[in-house]
Structures are given as structure tokens and as C-alpha cells.
Ligand code: HXC
Ligand code: NAP
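In the working numbering, the protein residues as written are 17 to 279.
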């Protein structure tokens, strides 16, 4: 259920790369609820069509691999052709798996860097001349690994650190006309990402104890942050990485439990 007023994004056109499942699909649904015309895109055409059906209305479900500049450009062009110039672009496609550096081939490392980092560059680079300017809002979906090194995540740490710098650089280069921001979700319940990174219940409990808010986040909480950044309420925000992580990035709250134990 949205917490924003109805029609906040009426007349806006949104494209969500990686919007066919999980967090990004949640964002796409929220933007549509608020009145935007929405296109979602992933590699799997059937999954994209199902996602568009879930969003409802005249949502478009498109197939493109963000590693392929021509393919993502074609999907963006189709969206602009059907709906008009784009107001909102979300670069959210990502791939991940747990593996130690020594268990990762060069191609395994490159695969995640190509999806997350090159894919973000491709999506944002390819949309620029299709944007409704001034006023367009671009958001990259990053992660805490950008700043906090994490074992078994060397590919995602490197890729998401790059994503944050893509956001900041484009905010400078495209400043007057286009806002470019990042959202850094904490662990979000019910997602493919956390299935992969936290595959058993013990790991979930342990990670929750370290989060100041003492719980994983909800997809809707990331969707609300995206809606805010796309709205006029964020008109002077660009180049920011918004942590929506229950305070995880601030520090480890596990020690507070020890301190309480000391009474
Ligand atoms: C080691 C692995 C591996 C694993 C794949 N590889 N899985 N290496 N351990 N578990 C290696 C392969 O052997 C191959 O290297 C290379 O990676 C490419 O594999 P492909 O299967 O050919 O790649 P591709 O088909 O492009 O698929 C990409 C993928 C896949 C990332 C590997 O898992 C995928 O499509 N993921 C999309 C969905 C996803 O990951 N969602 C979660 C996003 S969440 P070789 O050398 O053999 O050729 C997220 C969370 C962020 O990002 C942070 C949370 C806190
Ligand atoms: P998800 O459900 O697996 O979503 C990934 C999306 O990206 C899917 O739509 C997928 O569709 C698409 N995709 C993957 N590779 C692609 C490619 N090469 N080209 C085009 N599309 C591709 O993942 P999620 O867990 O919701 O994560 C979504 C975003 O949030 C990611 O950027 C992730 O890094 C970030 N994040 C997640 C968490 C979390 O707790 N889950 C935490 C921090 C950050 P196809 O498979 O059909 O291509």
C-alpha cells in the first residue's frame, strides 16, 4: 500500500532495468500505482511478460541483456516510442552468488561486474537522449558491499563500488537537467538476493541481530524510497546514495546486545 498521494507520478514514463522480479518489480509496481506508465526489462521474455501482467494497465514487459548496449538501447527506444520521453529510469539489474576469490574464475568475476557495473553504465548512458529534460530522475540500485568489504562477495563489492561512482560522476556531468541517485538496500526479505546470500534461517537471525532496526527490510520500503527520489520532494537531491538499510551501514548493532547484557 503506497504512502504517497494518488497521482503523484501521473503522466510520467518509467523504465526499470531488472524490473521483472524482486525489489525492482516492487519499485515498478509502486511507480505504476502512483500513475506512471511503466516498462520493465530482463533477459527472460516470459518472466518480463508476467511481470508486466502483475503491474497491470498498459505496462510493457521487454527482453534485453544489460550487458548488450544495443539491446538495452532498443528496449529504451521501444518504451519512448510507445509511451513518450522517459522521466524515470531505474538501473537495477544484478547478478550474484557466494564464492571465495580463489573459487571464482576470471569469467565469474567479470560476469557480475558486467551485469552490475557495465549494465548500469549501459542503461544510464543509453537513456540520456530519450529523457524528458529538465526534471528526469535516474536511480541505480547499489548495495552496502560498495563501501563494506564482504567475504565471498569480491565481484559484487567491486561492481557496486563502481556503480556508486557512476552515480556521482553522472550527477556532475548531467547536473542541471537530470538528477542521478543511488539506493542502497539492506537485506530485503523475500528476494532472490537474500536467498542466495543468506541461504539458511540461522544466517538470517545472525544478520538481523547486527542491524540497528533488528530486522530485514521489505520490498515496499525500497519502493517508497524510489518513489520519493522520483518525486518533486527530492528536486534538490542528486549524486546521493540513499541507504535504506535499517541503519546497517552506520555500524554493527550486535554490540548493543552485549552492552544490554552488562546492564
Ligand atoms: C563460482 C560461479 C558460480 C558460483 C556461476 N559461476 N555461479 N562461480 N561460484 N556459485 C561462474 C560460472 O562458472 C562462469 O564461469 C561464470 O560465473 C558465468 O556463469 P554463467 O552461468 O555463464 O553466467 P550467466 O548465465 O550470465 O548468469 C549470471 C549469474 C546468474 C550471475 C551467474 O546467477 C544469474 O543470472 N543471476 C541473476 C539473478 C541474481 O543473481 N539475482 C540476485 C541479485 S541480488 P566460467 O569460468 O565457468 O565460465 C544481489 C544482492 C546484492 O545482487 C547484495 C545483497 C546484500
Ligand atoms: P532479482 O529478483 O534476482 O532481480 C534481478 C533482476 O535483474 C531480474 O529482473 C533479472 O531478470 C534481471 N537481470 C539479471 N541479469 C540481467 C541482465 N544481464 N540483463 C538484464 N536483466 C538482468 O534480485 P533482487 O534480490 O530483487 O535484487 C534487485 C537489486 O537490488 C539488485 O541490483 C541487487 O544488487 C540489489 N540489492 C538487493 C538486496 C537484497 O536484499 N535482495 C540488497 C542490496 C541490494 P532476468 O533473470 O530475466 O534477466
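C-beta atoms are modelled at their ideal positions from N, C-alpha and C, and glycine is treated no differently.
| Query | Result |
| --- | --- |
| Just list the residues that DSSP pairs residue 200 with in beta bridges. | 259 |
| Is the closest heavy atom of the ligand HXC to the C-beta of residue 121 under 7 Å? | yes |
| Check residue 227 in the structure and name its three-state DSSP category. | coil |
| Using only CA atoms, which one of 119, 128, 102 lies nearest to residue 150? | 102 |
| I'd like to confirm something about residue 63: is its beta-carbon nearer than 7 Å to some heavy atom of the ligand NAP, or not? | yes |
| Under the criterion of a Cβ to heavy atom distance below 7 Å, does residue 216 qualify as lining the ligand HXC? | no |
| When the Cα atoms are used, what is the spatial distance from residue 157 to residue 269? | 24 Å |
| For the stretch 125-138 against the stretch 49-62, are there 3 or more C-beta pairs whose distance is under 8 Å? | no |
| Run through DSSP, which three-state label would residue 96 get? | helix |
| Under 8 Å between the Cβ atoms of residue 263 and residue 229? | yes |
| Could you give the residue range of the beta strand (DSSP E) that holds residue 32? | 29-33 |
| Would residue 55 count as contacting chain C if we go by Cβ distances under 8 Å? | Protein chains in the displayed structure number just one, and chain C is not present. |
| Determine which residues share a DSSP beta bridge with residue 155 and list them. | 106, 197 |
| Name the two residues that bound the continuous beta strand (DSSP E) containing residue 149. | Looking at the DSSP string, residue 149 is not in any beta strand (DSSP E), and its letter there is neither H nor E. |
| Kindly list the residues whose CB is nearer than 8 Å to the CB of residue 198, restricted to its own chain and excluding five residues on each side of it in sequence; keep chain order. | 155, 156, 157, 158, 179, 180, 183, 256, 257, 258 |
| So, residue 42 versus residue 238, is the Cβ gap smaller than 8 Å? | yes |
| Give the straight-line distance between the Cα atoms of residue 296 and residue 52, rounded to the nearest whole angstrom. | A question about residue 296 goes unanswered here, because the residues of the chain that appear run from 17 up to 279. |
| How would you write the range of the beta strand (DSSP E) that residue 179 sits in, first residue to last? | Note, residue 179: premise wrong, no beta strand (DSSP E); alpha helix (DSSP H) at 170-189. |
| Answer with buried or exposed for residue 121, where buried requires no fewer than 16 other C-beta atoms within 10 angstroms of its C-beta. | exposed |
| Mapping DSSP to helix, strand and coil, what is residue 249? | helix |
| May I ask you to check if the CB of residue 82 is nearer than 7 Å to at least one heavy atom of the ligand NAP? | yes |
| At a cut-off of 7 Å, would you count residue 282 as near the ligand NAP, judging by its Cβ distance to the nearest heavy atom? | Outside the modelled stretch of the chain, which goes from 17 to 279, sits residue 282, for which no answer is possible. |
| Along the chain, where does the alpha helix (DSSP H) containing residue 205 start, and where does it finish? | Per DSSP, residue 205 belongs to no alpha helix (DSSP H) and is neither H nor E. |
| What's the C-alpha gap between residue 265 and residue 55? | 31 Å |
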